[in-house]
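Under UniProt numbering, the first residue of the sequence shown is numbered 1, with each subsequent residue one higher.
C-beta atoms are modelled at their ideal positions from N, C-alpha and C, and glycine is treated no differently.
Please read all numbers here as calculations on a predicted model, not as lab measurements.
Presented below is the structure to which this report refers.
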Amino acid sequence: MFLQVLRPNYSYESLYHIGPEDLKAKGLKGLIIDLDDTSLEHGGAFLSHERKAWFSSLLHSGIKICLVSNNTSVRVKNISDSLGVPYVSNAMKPFKRAFRKALEALDLPAHQVAGVGDQIFTDIWGGNRAGLITILVTPLGSREHWWTRMIRRVERPFRRSPSP
């Protein structure tokens with residue numbers, strides 16, 4: 001059924017609630033993570049110390065990470081370089097191409113990778129189409145484009161309560 005590709009496998013209040021032990025218990029070895037409103041406030045240029053520490057804890061526990069964003073390469077590259085992880089920019093999510101590139105960069109099969117993002121119609125739909133486990137997080141910040149606010153209204157029925 002078409003609507004199933006719009007439903008995440010898991011929902012979390014934020015990235016910080018996703019821990020390496022939880023990921024490993026689910027058989028996951030990698031994450032494909034969205035940038036804007038998932039890892040960083042929309043338009044932000046730098047990760048906070050707290051966010052860098054979260055990424056670092058995952059990397060040190062053996063979880064591979066790739067950033068995937070519809071944003072421009074300069075911006076995404078700066079963030080990925082600061083973390084030491086690969087990235088895919090100008091992703092055109094929900095198309096599968098960017099997710100395939102990220103899987104190649106991670107050198108992992110889709111069933112061992114989760115796609116993490118804040119939007120149903122880009123991150124979750126694209127991740128599900130690519131065969132990933134999908135994780136929806138609550139968006140960071142409140143500053144959004146008017147069209148993002150409109151899309152979020154349409155997404156409401158597909159959002160789940162945060163997973164335990």
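Put simply, the region 116 to 133 touches the region 1 to 10. At least three CB pairs are less than 8 Å apart. Taking 8 Å as the cut-off, the Cβ atoms of Pro94 and Ile63 do not count as close. Nearest to Phe55 by alpha-carbon distance, out of Ser82, Lys24, Gly117, Asn70, is Ser82.
Judged by pairs of C-beta atoms under 8 Å, the region 105 to 115 does not touch the region 71 to 80, as fewer than three such pairs exist. Runs of the alpha helix (DSSP H) lying entirely within the region 73 to 105, each at least 4 residues long, are 73 to 83 in chain order.
In the three-state DSSP reduction, Asp22 falls in the helix class (H, G or I).
Judged by beta-carbon spacing, Asp22 lies beyond the 8 Å limit of Asp118, meaning their Cβ atoms are not closer than that value. In the structure shown, Lys52 falls within a helical segment according to DSSP collapsed to helix, strand and coil. Beta-carbon to beta-carbon, Ser14 and Val137 are separated by about 6 Å, close enough to satisfy the 8 Å threshold. Leu132 places its beta carbon 8 Å or farther from that of Asp37.
Excluding the 5 residues flanking it on each side, Val85 has same chain C-beta neighbours closer than 7 Å at Ile65, Cys66, Leu67, in chain order.
Bridge pairing for Ile135: Tyr10, Val116 [DSSP].
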